[in-house]
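All residue numbers for the sequence shown refer to this note's numbering, where the first residue is 3 and numbers rise by one. Taking it in order: structure first as structure tokens, then the write-up.
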Amino acid sequence: MAEALQKLILDTLEAETTIKDTRSLILPGQAQPASSNEDQIVILGALNSLLSRDMIQYETHEVITHVNTVEGGQILKDGSHEARVWSVLPVKGHGEPMTPAQLKKEVGEETAKVGQGRAFKNGWINKEGAGLVKAVSEIEDTTQKDLQEIASTGTLKAGEKVLVDLRKRKLVAQKKGQWFTVQKGPQFSTSTAKPETDLTADMLASGSWKTATYKKYNFEAEGIPTSGGALHPLLKVREEIRNIFLEMGFAEMPTASFVESGFWCFDALFVPQQHPARDLQDTFYLSDPKRALPPNPEYYKRVSTVHEHGGFGSAGYRAPWSHEESSKLLLRTHTTASSAHMLYKLAARCRGEEPQDDTAEFTHGATSTTGRKGDTGKNDDGFRPAKLFSIDRVFRNETMDATHLAEFHQVEGVVADRDLTLADLIGFMRVFFSKMGIEQVRFKPAYNPYTEPSLEIFAFHPMLNRWVEVGNSGMFRPEMLEPMGFPKDVRVHGWGLSLERPTMIRYGINNIRTLVGHKVSIEGIENSPAVMF
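Right, dumping it as structure tokens:
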């Protein structure tokens with residue numbers, strides 16, 4: 003079929019020089035001209051094959067036709083809704099008017115609903131008492147006639163206005179078609195013999211290579227795309243933020259413990275046990291196992307005491323302490339639980355204990371944020387400054403919508419040093435966000451149970467032309483740090499932001515469910531830019 007069609011096109015060009023309209027061609031094995039869109043698709047394949055050999059040139063012409071839908075085909079067979087309604091009604095004055103309920107039984111609910119209104123509009127029926135009667139003795143079903151014309155010609159002489167009405171009623175649908183004008187190419191020939199694509203050993207042996215015709219190499223053609231994996235946008239943004247932290251001298255905290263106890267997730271951070279965030283509405287609690295292993299007894303006692311009775315300059319919360327609440331196992335609601343673990347380990351020297359092995363890389367030869375070397379003299383209290391960060395997943399029992407998921411990623415940083423101030427925190431935040439490409443930053447006082455003072459961080463979003471919240475920060479309270487064993491002059495900065503929000507802004511995503519989950523576009527992941535800033 004393919005070679006026969008190519009031969010037909012070449013022979014027609016040889017005889018007529020130009021094929022003005024390929025719809026006039028009669029395909030091999032057919033008796034009628036190739037007027038259908040399916041025929042033109044077959045012709046397009048033959049044209050492209052000949053075009054690749056420079057034997058022909060062609061122009062494409064688009065045409066829009068209309069076809070009947072399934073409902074339109076039913077009307078073509080049985081008549082329009084309005085005509086069927088008119089046909090079952092009695093003539094006025096010759097019989098009892100038909101009630102709407104009787105009409106539904108006669109023609110069906112859908113036909114009665116649609117046809118009744120259009121029959122009234124056409125003046126074909128009238129209301130008489132509680133029923134309906136014919137208003138005229140004869141009608142012309144123009145809808146059926148229009149659909150018959152469309153079925154035979156693909157168009158309608160009545161004009162676009164009628165077509166628009168039929169499309170609104172979903173009786174017809176547009177269908178795009180195409181046809182072609184064909185001319186001779188620079189390598190025109192009536193022979194359909196394909197040129198050789200490779201020089202073979204047999205051709206060299208026989209000498210046929212001397213007279214063979216060869217297909218030209220297309221040096222402009224792009225190679226086949228390599229198949230391979232692609233990083234998710236979240237991973238790309240995560241790596242960029244991670245590099246900023248490492249560039250600023252931070253060490254990454256281990257944060258693989260998705261399951262935490264109420265003690266480390268809340269109590270150690272001086273979050274009251276009566277805080278609403280602990281309710282089932284905000285926290286996922288484990289059913290098996292339910293209880294965590296107890297922390298260090300002495301540290302546990304100090305934390306419970308400062309909560310219940312105060313201490314370290316604080317009045318505490320003056321509320322009964324619940325061991326049951328403290329030992330509950332849960333999915334961590336923030337990575338600050340991991341920061342509390344690390345700060346407790348960093349305070350080991352200050353408590354006169356040997357430091358944990360996994361803190362050595364954070365404190366060995368540590369230099370303070372003000373540039374002085376950590377003290378190592380006889381009066382050394384054991385403290386070493388540290389800069390830590392983490393980027394990992396947290397879980398909140400929230401209703402999922404376009405901007406919230408039950409799990410997301412939190413970016414967190416911690417700086418521990420002597421005599422830090424709020425001005426140090428603000429200055430550090432400006433440097434950090436400038437490295438992310440955010441120059442306009444504002445700070446607003448806020449409340450956090452475990453930081454005082456606390457600041458919300460806002461950045462100006464040029465695309466939205468407004469200020470948006472990008473993070474939260476503060477200085478950890480003495481009620482949290484001193485029970486761990488830190489000296490009184492040690493201060494700790496802490497701040498956090500989500501990973502999803504900057505990623506959505508960067509990639510122009512307005513629904514988080516298209517960033518994470520089963521609705522993620524694989525093509526979007528493959529084509530997303532490599533870096534964020």
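Even glycine gets a Cβ: it sits at the ideal position worked out from N, Cα and C. The structure presented is a predicted model; accordingly, all values stated were derived computationally and were not measured.
Distance from the CA atom of Q185 to the CA atom of N70, rounded to whole angstroms, is 35 Å.
Distances from the alpha-carbon of G81 to those of A36, E40, D143 and R351 put D143 closest. The continuous stretches of alpha helix (DSSP H) do not include I127, which lies in the beta strand (DSSP E) extending over residues I127 to E130.
If only complete runs of 3 or more residues are kept, the region 463-490 shows the beta strand (DSSP E) at 468-478, in order along the chain.
The beta carbon of L173 lies closer than 8 Å to those of N70, T71, E73, G74, I77, T145 and L149 in the same chain, with the five residues before and after it left out. For W266, the uninterrupted alpha helix (DSSP H) run begins and ends at G264 to C267, by DSSP.
Under the 8 Å Cβ criterion, the region 243-260 counts as touching the region 338-349, having at least three qualifying pairs. When C-beta atoms of the region 278-289 are compared with those of the region 245-257, fewer than three pairs fall below 8 Å, so the two segments do not count as touching.
Looking from the CA of D382, the closest CA among R353, R398 and T401 belongs to R353. In the DSSP assignment, F122 falls outside any beta strand (DSSP E) and lies within the alpha helix (DSSP H) extending over E111 to N124.
Distance from the Cα of S329 is smallest, within the candidate group G187, N298 and K347, for N298. Counting the other Cβ atoms within 10 Å of the Cβ of H311 gives fewer than 16, which makes it exposed.
Contact between L46 and P35 does not hold, since the beta-carbon distance rounds to 16 Å and is not under 8 Å. Secondary structure of I58 (DSSP, three-state): strand. The Cβ atoms of S500 and G476 lie no closer than 8 Å to each other.
The residues G156, T157, K177 and G179, in chain order, have a CB closer than 7 Å to that of T67 in the same chain once the five nearest residues on each side in sequence are set aside. When C-beta atoms of the region 81-90 are compared with those of the region 186-203, fewer than three pairs fall below 8 Å, so the two segments do not count as touching.
In this structure the region 417-424 does not lie against the region 233-243, because fewer than three pairs of beta carbons, one per stretch, are closer than 8 Å.
The three-state secondary structure of N50, taken from DSSP, is helix. According to the DSSP assignment, L12 belongs to the alpha helix (DSSP H) that extends over A4 to E18. Within the same chain, S456 come within 7 Å of Y449 by CB-CB distance, once the 5 residues on both sides are set aside.
For K22, no beta strand (DSSP E) encloses it, and the DSSP letter there is neither H nor E. Under the three-state reduction of DSSP output, P92 falls in the coil class, being neither helix nor strand.
A straight line joining the alpha-carbon of L331 with that of R244 spans about 29 Å. In this structure, DSSP gives G439 a state outside helix and strand, which the three-state scheme calls coil. Per DSSP, Q276 lies in no beta strand (DSSP E) and is assigned neither H nor E. For H83, the number of other beta carbons within 10 angstroms of its own is at least 16, and it is reported as buried. Separation of K212 and K9 (C-alpha to C-alpha, rounded to the nearest whole angstrom) is 26 Å.
Just so you know, the alpha carbons of V443 and T453 end up roughly 20 Å apart. Using a Cβ distance threshold of 8 Å, T337 and V396 count as a contacting pair. DSSP places T505 inside the alpha helix (DSSP H), whose first and last residues are E502 to Y509. Around the CB of K292, fewer than 16 other CB atoms lie within 10 Å, so the residue is classed as exposed. Annotated three-state conformation of S392 is strand, per DSSP. Within the region 133-186, complete alpha helix (DSSP H) segments of at least 4 residues are found at 144-155 and 162-170, given in chain order. For G75, the uninterrupted alpha helix (DSSP H) segment begins and ends at V72 to D80.
Look at M100 here: in three-state DSSP terms it is strand.
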